[in-house]
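Chains as they are written, first to last, in our numbering: chain A, 73 to 180; chain B, 615 to 725. All C-beta atoms, glycine included, are put in the ideal place defined by N, C-alpha and C. Taking it in order: structure first as structure tokens, then the write-up.
This is the structure we're talking about:
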């Protein structure tokens, strides 16, 4: 079946550090891939998406590239800020399978 | 823009009580779904609907009922609440295979 495996957290970083959250998936066909972000006390918001192999999604300094050969969609940001503290979810279309979420805390 | 509206925001129930969590969207989305979020388990799909009159089970449907009589509304019913249903519940809507729009969640405690 379709599933998403996401790097476990929590992750704690200092401001301006580099962030990577790994995500791999299993799916039949050609799914779309998403990263969602959940700020404290809120619902999930779409952060970025990619709909086909080699697509790069980007938003707010975050990037992720759809790699069909490695079935991966890793999230990266070059210089994190305190405001990036949140829970990040990788997700797969086809009934929207979600990873378990990675809690990221950025310290000033 | 209202988007996806969930009510109530918080609810405390006693074991065995019933209640309905409301979800409404004003974007004419065909797809609506309910998730529960528990620590360390991410989001798990309870039920979903691909259009009015059509519903299907997700990963954890036991103890929950849904109906979709209109495009806008997708209520989630707990017939006899159990402590294991203590969780945060999210409703979401969207177009099939497109990103979802989420409500702000309902925090439910069953004692």
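Asked, Found
"Can you tell me the Cα-Cα spacing of residue 152(A) and residue 134(A), whole angstroms?", "9 Å"
"From which residue to which residue does the beta strand (DSSP E) around residue 674(B) run?", "No beta strand (DSSP E) holds residue 674(B); DSSP gives it neither H nor E."
"Cutting at 6 Å between CB atoms, please list the residues of its own chain near residue 148(A), excluding the five before and the five after it.", "92 and 135"
"Can you have a look at residue 709(B) and say buried or exposed, based on whether 16 or more other CB atoms are within 10 angstroms of its CB?", "exposed"
"Round the Cβ separation of residue 138(A) and residue 124(A) to the nearest angstrom and send it over; I've been treating them as touching at under 8 Å.", "7 Å"
"What number of angstroms, rounded off, separates the C-alpha of residue 647(B) from the C-alpha of residue 635(B)?", "12 Å"
"Count the CB pairs spanning the stretch 158-171 of chain A and the stretch 81-100 of chain A that are closer than 8 Å, and state whether there are at least three.", "yes"
"Less than 7 Å between CB atoms is the rule here; does residue 657(B) satisfy it with respect to chain A?", "yes"
"Using 7 Å as the threshold, is the C-beta distance between residue 682(B) and residue 712(B) below it?", "no"
"Considering only residues of the same chain and omitting the five flanking positions on each side of residue 625(B), which have a CB-CB separation below 6 Å?", "722"
"Can you tell which of 177(A), 178(A) and 160(A) has the C-alpha that lies nearest to the C-alpha of residue 78(A)?", "160(A)"
"Quick check on residue 622(B) - is its C-beta less than 7 Å from some C-beta in chain A?", "no"
"If you draw a straight line from the alpha carbon of residue 154(A) to that of residue 627(B), how long is it in whole angstroms?", "36 Å"
"Which residues of the stretch 706-720 of chain B have a Cβ closer than 7 Å to any Cβ of chain A? Give them in chain order.", "711, 713, 714, 716, 717, 718 and 719"
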